[in-house]
Each structure stands twice: as structure tokens, then as C-alpha cells.
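Numbered per this note's numbering, the sequence shown spans residues 434 to 731.
Glycine is no exception: its CB is placed at the ideal position from the N, C-alpha and C atoms.
Keep in mind it's a predicted model, so treat the numbers as computed, not measured.
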Amino acid sequence: MHFCVFSFNRGPFLKNCVESIEKCCPSARITVFDDDSDDRETRQVLEEIAGTHRVEQPGHSSAHRLGGLYGNMQSALELLEHESTLCFLQDDTQIVRPLLEPDFEDIEAAFQRRPELGFISPCFIRGRTLDRGAQFEAESDLNLYFRRPDQRSSGCHFSALLITKPSRLIKAGWSFKGSEPLNDEQASRLFGPMGYLHAPFAMWLPEVPAFRGKKKTLGLKLAEKKRRCGFYPFEILDESEASALRQREFSVLPRAEDFLCCTPETPPKPWAYNPLTDTGWIKLLNQMEVALRKTLKF
434 MHFCVFSFNR GPFLKNCVES IEKCCPSARI TVFDDDSDDR ETRQVLEEIA
484 GTHRVEQPGH SSAHRLGGLY GNMQSALELL EHESTLCFLQ DDTQIVRPLL
534 EPDFEDIEAA FQRRPELGFI SPCFIRGRTL DRGAQFEAES DLNLYFRRPD
584 QRSSGCHFSA LLITKPSRLI KAGWSFKGSE PLNDEQASRL FGPMGYLHAP
634 FAMWLPEVPA FRGKKKTLGL KLAEKKRRCG FYPFEILDES EASALRQREF
684 SVLPRAEDFL CCTPETPPKP WAYNPLTDTG WIKLLNQMEV ALRKTLKF
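1. Indicate the three-state DSSP secondary structure (helix, strand or coil) for L595 in the structure shown.
2. Quick one: complete beta strand (DSSP E) runs, 3+ long, within the region 434-506?
3. Counting C-beta neighbours from all protein chains within 10 Å, is the total for L515 16 or more, i.e. buried, or is it exposed?
4. Using DSSP bridges, identify the partner residues of T526.
5. Is A567 helix, strand or coil when you go by DSSP?
6. From L717 to A461, what does the alpha carbon distance come to, in whole angstroms?
7. Identify which residue in L623, W714, G566 has its Cα closest to the Cα of F552.
8. Can you tell me where the alpha helix (DSSP H) holding G652 begins and where it ends?
9. On the DSSP bridge assignment, give the partners of R547 in chain order.
10. Answer with buried or exposed for D524, where buried requires no fewer than 16 other C-beta atoms within 10 angstroms of its C-beta.
11. Ends of the beta strand (DSSP E) at F624?
12. Rounding to the nearest angstrom, what Cα-Cα distance links P633 and N719 in this structure?
13. Use the C-beta contact count for C694: other C-beta atoms within 10 angstroms, 16 or more gives buried, fewer gives exposed.
14. Helix or strand or just coil, what does DSSP make of S732?
15. Please classify P701: is it buried, with 16 or more other beta-carbons within 10 angstroms of its beta-carbon, or exposed?
16. Can you give me the C-alpha to C-alpha distance between F692 and M506, rounded to a whole angstrom?
17. Count the other CB atoms within 10 Å of the CB of W714; is the residue buried (16 or more) or exposed (fewer)?
18. Going straight from the alpha carbon of A483 to that of K727, what length do you get?
19. Which of helix, strand or coil does DSSP assign to R561?
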């Protein structure tokens, strides 16, 4: 499996993500696709990574660059089209447990046995997703879950964090679109539902600040303070914890908050992945300021 990490102006997060792959899958091939970061700390981290792994900046090296996350994902697909299996991660995500040969065998078997399978999510399920009533059906023979379609159908067919077969995407005529809803709609036409691993190995870090070098609104500043946004890397599961995850009953869904802990402290649960989540009037304030900035063009 070839790991692709998509990066922009989050140096400490990027370093943590790459180091987690190195720890949990020492033989992994890693390519970082950076969206022309201009943050000094991030550029230093990129230089350090380039000493060991491949670093691409599609804005300089690809004639097919669309720009942004999904444009760089398209560049990765085209650059690595001959790889057997790709795993797409982002700088604010992390591998959380050692990957063993049976993990790769299970993934390969699922793709072979399910020709219409386009994507597998490597991530735990967010607690808030389950709290909103999302339901998942287990297919134990594939070691996968599949999400039942509902009003919040995003996530049924596609996620920006994914495992895929490049040859399968290319054969189907896949081309990454500019948003998650558009990619989910495309995936629903070209493939069956996305699989979720019974024993996931990756996750978004919780309560990550949204700021990446752009001017924050007052609402966003207040929201990040209220939610105690910061850098909360996960503790790597030890052998006994990873074994318990793999051997548990399929009826127990892999809810992130039930299996993962952060270091040096764990933020309050359920975790959020957008600073404006559950901030009430602060979210409204942010929306008003964003609208005002668009009107006044500043």
C-alpha cells in the first residue's frame, strides 16, 4: 500500500501524520502532496520529510493540477496510477495502530470479492455520526461495514480519507471533483457503497484549528477558544489494544471515542472536527462576518 498525505500549512500535524505511518507501517512508501504551503514551519517540515520520502507540489510539477485538496488527489491518482493500492490521508489525520499482514490481506480480499467496491474508509466512525442516527450494516465475510443511506447520505459512497485501487478508478472513468458532495454523487453512480473497516487504523485528529494562514473571523477565534482547539495527537494502540479491536464482535461499531485517546490530554467527547460545531450564536456571528467580508471584498 502506498500512502499519500495531502498537506497545506500545518507543519506539526504533517510531521505527526508521517511519523505515525513510519511507526505503524515501517516499510510503507509515502508521498506527500503539498498545496504550495507558504508557512515557514511547514516548509521546514517538508524539507525534513523530503530527505526520506517523496514530496510533490503539483502546482510546480503537474500539468493536470486543479488546485486544492481534490485537485491534488487527482494529481496523486495520475502520478501513482500503476500502484496496486493507495491510501489517501491528510495532514490532520494519523495512523493509530500497527498494520499487520492480515490487514493488507483483508483489504485485498474485499476488493477482489466485490468488483463494484470503489473505496474503503480506513477510519474509525465519528461519535457524532452515530449520535445523529447513522446506521451501519456488517458484512463479516468482507470484514467491512456499509452505511445505510439516509438524509445525510454523504459518507455512504465516498470520503476524502480512503483506500482505493487506482486501476479500478481509471477503468471506471473516475476524476476527482471539487467537493465531497460531488465526489459522493459520482461514486454512487460508478461504484457501490464505500466499505468501513471492521478494524480501522486511521482517524482525523479532533478539535483541529481551522486557521491555515488566512485571516480569522472574530467568530472563528471565539469558537476555537470555546472548543479548546489545538494539537491532540492520538496515542498509538499497544498490542493488546489493537488485538482487542480486531477480535471484538461485529455488533460493536468502531466508534472513535470508544477506542482512541489523545496525548497529552483528550478533549471532551464527542469530538468535533469543525471549530464552529455546537457554538450557537458564535457560529451565527461567523456567518455574518463572512457575508460582510464578501460584500465589502476584504
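Reading off the structure:
1. strand
2. If we require 3 residues or more, the beta strand (DSSP E) runs fully inside the region 434-506 come out as 435-440, 462-467, 487-489.
3. What sits at residue 515 in the sequence shown is His, not Leu. So H515 counts as exposed.
4. Beta-bridge partners assigned by DSSP to T526: W637.
5. Coil, per DSSP.
6. 44 Å
7. The shortest C-alpha separation from F552 is found at L623.
8. 651-659
9. Looking at the DSSP output, R547 bridges to nothing.
10. buried
11. For F624, there is no enclosing beta strand (DSSP E), as DSSP marks it with neither H nor E.
12. 34 Å
13. exposed
14. The requested residue 732 does not occur in the structure, where the chain is confined to residues 434 to 731.
15. P701 counts as exposed, since fewer than 16 other C-beta atoms from the protein chains shown sit within 10 angstroms of its C-beta.
16. 29 Å
17. exposed
18. So the two alpha carbons sit approximately 38 Å from each other.
19. helix
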